[in-house]
Amino acid sequence: MEEALVLYPSPPIGHLVSMVELGKLILSHRPSLSIHILIAASPYVAGKADKYMATVSANVPSIDFHHLPIVTPVSTNITHHEELTLEVLHLSKPHVHEELLNISKRYKIHGLVMDFFCTSGLSVATELDIPSYFFLTSGACFLAFFLYLPTLHQKTSKSFKDMKDHYLDIPGLPPLLATDLPNPFLDRDNQAYQHFLDFATQFPQASGIMINTFELLESRVVKAISDGLCVPNNRTPPISCIGPLIVADDKRGGSGKSSPEDVHECLSWLDSQPSQSVVFLCFGSLGLFTKEQLWEIATGLENSGQRFLWVVRNPPSHNLKLALSMNESEDGFVSADEVEKKVRGLMESKEGKMIRERALAMKNEAKAALSEGGSSHVALSKLLESWKHEK
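Numbering-wise, numbering that gives the first Met the number 0 puts 104 at position 105 of the sequence shown, and it's gapless, one number per residue.
Take a look at the structure:
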């Protein structure tokens, strides 16, 4: 029977691309595997996923996409995109079960790899006796916080949003201001918070966790996780640092080849600029800002006098906070002066030069980690080798 691995990303295009790149990386180590990716119906338009998947299928025959049936959320009071995504994935659970059964008729499934939004699939894998793995694209620091969330929850009855000027002590991390946590984690009465808290309690049941990082980048926090400090009252699944995942030259399909006419004009412009002279801004497929905030960012960038490349998306009808290390007003608004100050500081100051030099050094270390014999290459090889000894 042929061997297979099933990947299960959440709907946003960024999560899909990350899973595809993981599949390609695994295939580079073990070409005999067949990669099957489960696609839950997207509750919102987050990118040109269909075109992207068609190109991947054409260029990488070993990757097969399985589209799950469309589901309709029951609740009409969902206010955050995280809640909507979680609702869709929860309702897709029976379809995941059915699709895994169908795949298992032709293949020996070595594991179901989920991103953390898809934790509802964990019980399905357990029921079908399929090893379950999580793939964390956010790095080891987020994983440490996420695993430690149940412990933090038990230590206080307050929501983190109400713990102003209070610092959280999380193993492996420097003190973290409670109000700086991602928005879905700030209000313990929020439905998304309750979902994530439940997910965090389930993570220790997984067969393993793959992280999009490399050990040298986050050595302190990786050690804290591996030592079990983030899950004091339960087991910690084996950790594999396999990153950083790098999108292939041809980002649309991963063939590694692209003709000059296919290169976007922005990338052509970027290639013509002096090395290390351009500031790049991108806030993800759901990184949306109001028109007012977009104008302030644009004004600050222009006034900085620095070259920049900025991915801009149509603004939503409501405000989303800007998760940058900048001075903000109480409602999360960042002024043009603050943007200009930070960009100038990054590109012109002595401190900014040190940051850029450190980033370049980490780029070289990341390349070394992925090369043969590097830490990430070895970690993934060990994980794949362990599958050969499964009964």
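Using N, Cα and C, we set each Cβ at its ideal position, and we do this for glycine too.
{"Query": "Sequence-distant residues of the same chain with beta carbon closer than 6 angstroms to N318, five excluded per side", "Result": "Caution is warranted here: a pLDDT of 34 is assigned to N318, below 50, making its placement in the model unreliable, and the coordinate value is therefore given only provisionally. Cβ neighbours of N318 beyond the five flanking positions: T289."}
{"Query": "Coarse secondary structure for L37, derived from DSSP in three states", "Result": "strand"}
{"Query": "Separation of K23 from G13, as counted between CA atoms", "Result": "15 angstroms"}
{"Query": "Spatial distance of L83 from I238 (CA atoms)", "Result": "29 angstroms"}
{"Query": "CA-to-CA distance, D188 to H152, given in whole angstroms", "Result": "12 angstroms"}
{"Query": "Length of the line joining the Cα atoms of E356 and G373", "Result": "22 angstroms"}
{"Query": "Three-state secondary structure (DSSP) of D249", "Result": "Its pLDDT being 49, under 50, D249 is placed unreliably in this model, and the value from its coordinates should be taken loosely. Note: D249 maps to coil in three-state DSSP."}
{"Query": "Spatial distance of Q190 from S348 (CA atoms)", "Result": "44 angstroms"}
{"Query": "Own chain residues within Cβ distance below 6 angstroms of V393, not counting five before or after", "Result": "With the chain running from 0 to 390 in the structure shown, residue 393 is simply not present."}
{"Query": "Check whether I210 and F202 have beta carbons under 9 angstroms apart", "Result": "no"}
{"Query": "The region 291-308 touching the region 333-340, judged by at least three CB pairs closer than 8 angstroms", "Result": "yes"}
{"Query": "Beta-carbon contacts of L99 that lie in its chain and below 6 angstroms, excluding the five residues immediately before and after", "Result": "L127"}
{"Query": "Contact the region 55-73 vs the region 25-36: 3+ CB pairs below 8 angstroms", "Result": "yes"}
{"Query": "Three-state secondary structure (DSSP) of V278", "Result": "strand"}
{"Query": "Option in V73, F198, D164 and G138 with minimal Cα separation from S122", "Result": "F198"}
{"Query": "Assigned exposure category for E81 - 16 Cβ within 10 Å defines buried", "Result": "buried"}
{"Query": "Cutoff 7 angstroms; reference E295; Cβ partners in own chain excluding five residues on either side", "Result": "V333, S334, A335 and V338"}
{"Query": "R65 (DSSP reduced to helix, strand or coil)", "Result": "As written in the sequence, residue 65 is His, which differs from the Arg given in the question. H65 falls in the strand class under three-state DSSP."}
{"Query": "Nearest-angstrom Cα separation, counted from N233 out to A53", "Result": "42 angstroms"}
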